[in-house]
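Mapping of the sequence shown onto the working numbering: residues 322 to 431, in sequence order. Don't be surprised by glycine CBs; every beta carbon is placed ideally from N, CA and C. Just so we're clear, the structure is a prediction, and the values are computed from it rather than from any experiment.
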Amino acid sequence: MRKALVSALSASVISLGLIGVTATPALAANAVACNQDGFMRIYNSDAVHCFANAGYLDVYITNVNFVFAGNNRVMVRYNDRGGWGSVTLDRWESQGFWDHSVTVEDITIY
């Protein structure tokens, strides 16, 4: 009887422990259709590229001349004629690259 009670209590403790340890969702920014004003936008010579959701995303977008944060705080890392640069924009801010375009290589949406 005692052995059965110990086994039952052990199983209960283990199952409670498993319930208490849950995985947290991974943050992942992703490309989306440009159908809302609040999305982050990257403009290049070919198109407008939109992104949403908090997280980090590797991209390779050439000939970028304008970045708009939308309803997000964002950080954009870019290659500027062989040198690296980055810009952090608060909500509704933008950054233009008017004298020459850059290549955006990663973005973080906070």
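Asked                                                                                                                                              : Found
If we ignore side chains and look at the alpha-carbon of each, how far apart do phenylalanine 360 and phenylalanine 387 end up?                    : 14 Å
Taking 8 Å as the threshold, find out whether the stretch 388-400 comes into contact with the stretch 420-431 through three or more Cβ pairs.      : yes
Starting from histidine 370 and walking both ways along the beta strand (DSSP E), at which residues does that stretch end?                         : 369-373
Nearest-angstrom Cα distance between tyrosine 381 and alanine 350?                                                                                 : 14 Å
Secondary structure at alanine 352, three-state DSSP: helix, strand or coil?                                                                       : strand
Would you grab the beta carbon distance between asparagine 384 and asparagine 365 for me? Rounded to a whole angstrom, and I think it's under 8 Å. : 5 Å
Rank Asp420, Leu410 and Ala390 by C-alpha distance to the C-alpha of cysteine 355 and give the top, closest one.                                   : Ala390
Is aspartate 427 helix, strand or coil when you go by DSSP?                                                                                        : strand
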